[in-house]
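K.L.:
Letter by letter, the sequence shown follows residues 1 to 142 in the UniProt record's numbering.
This is the structure, below, for whatever I ask next.
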Amino acid sequence: NQKLERRVQIAAAMIQIAQARGNEQQYACWSDILKSLSRLGIAGMSDDEDVLDTQGKKGIVVYSPGFRHSQFDELFDQVDSTRSLEKHLFTGVGRKRLLRIRGQEQVERSPPANLSQSYYRPDYLEAMRKGLVTQVEIAAGD
Numbered sequence: 001n002q003k004l005e006r007r008v009q010i011a012a013a014m015i016q017i018a019q020a021r022g023n024e025q026q027y028a029c030w031s032d033i034l035k036s037l038s039r040l041g042i043a044g045m046s047d048d049e050d051v052l053d054t055q056g057k058k059g060i061v062v063y064s065p066g067f068r069h070s071q072f073d074e075l076f077d078q079v080d081s082t083r084s085l086e087k088h089l090f091t092g093v094g095r096k097r098l099l100r101i102r103g104q105e106q107v108e109r110s111p112p113a114n115l116s117q118s119y120y121r122p123d124y125l126e127a128m129r130k131g132l133v134t135q136v137e138i139a140a141g142d
């Protein structure tokens, strides 16, 4: 999955930069982001759909996984914007970033096993407890 790979590369680069600068707070933040990406894997990434607006401009509608806590939407938006915000750290390789719009619908898929409860939307955890969605192992603690 290109999206996961790109986010992992950004987080890894930012970890190296924070380490080189001796910025422990930034190092810890990006390390946590990398850990979250690793735990969520491909199943935790959103799906995208190319669309055209009324003027014919291309954009992307982003659909988040139904199980994933909504705080990850904002976090991953920040990760995705890092390359454009830190242009002096990243070379401008690849296509121009298209306008991204968060879709109201969610992608229904099973979460990876052993995520902590904080990775889940509360309503999804409740649905899992009631047997309305596939039950997966939830990590203790964390």
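Backbone N, C-alpha and C define an ideal beta-carbon position, used for all residues, glycine too.
All figures in this text were calculated on a predicted structure; none of them were measured in a lab.
(1) Rounded to a whole number of angstroms, what is the C-alpha to C-alpha distance between Gln19 and Phe76?
(2) How long is the line joining the alpha carbons of Asn114 and Arg7, rounded to whole angstroms?
(3) Below 8 Å on the Cβ atoms is my guess for Asp50 versus Val107; work out the distance and round it to an integer in Å.
(4) Looking at the unbroken beta strand (DSSP E) that takes in Val62, where does it start and where does it end?
(5) If you follow the beta strand (DSSP E) that Ile101 is in, where does it begin and where does it stop?
(6) Alpha carbon to alpha carbon, how far is Ala127 from Ile42?
(7) Take Asp73 and list the residues in its own chain whose beta-carbon comes closer than 6 Å to its own, dropping the five residues that flank it on each side.
(8) Helix, strand or coil for Asp48 per DSSP?
(9) Taking the DSSP output, what are the residues bridged to Tyr120?
P.N.:
Taking the coordinates as given:
(1) One-based indexing of the sequence shown puts residue 19 at position 19. One-based indexing of the sequence shown puts residue 76 at position 76. Taking the straight line joining both Cα atoms gives about 21 Å.
(2) By one-based count along the sequence shown, residue 114 stands at place 114. By one-based count along the sequence shown, residue 7 stands at place 7. So the alpha carbons of these two residues sit roughly 21 Å apart.
(3) Residue mapping note: residue 50 aligns to position 50 of the sequence shown, counting from 1. Residue mapping note: residue 107 aligns to position 107 of the sequence shown, counting from 1. The C-beta separation of Asp50 from Val107 comes to about 16 Å, leaving the pair out of contact by the 8 Å criterion.
(4) Taking the sequence shown and counting its residues from 1, one reaches residue 62 at position 62. Note, Val62: beta strand (DSSP E), 58-63.
(5) Within the sequence shown, residue 101 is the residue found at index 101, counting from 1. Residue range 99-102 is occupied by the beta strand (DSSP E) that includes Ile101.
(6) Within the sequence shown, the letter at position 127 stands for residue 127. Within the sequence shown, the letter at position 42 stands for residue 42. Straight-line spacing of the CA atoms in Ala127 and Ile42 works out to 22 Å.
(7) By 1-based counting over the sequence shown, the position of residue 73 is 73. Answer for Asp73: Ser64, listed in chain order.
(8) Looking up residue 48 in the sequence shown gives position 48. Strand.
(9) Residue mapping note: residue 120 aligns to position 120 of the sequence shown, counting from 1. For Tyr120, which the question treats as bridged, DSSP gives the partners Arg68.
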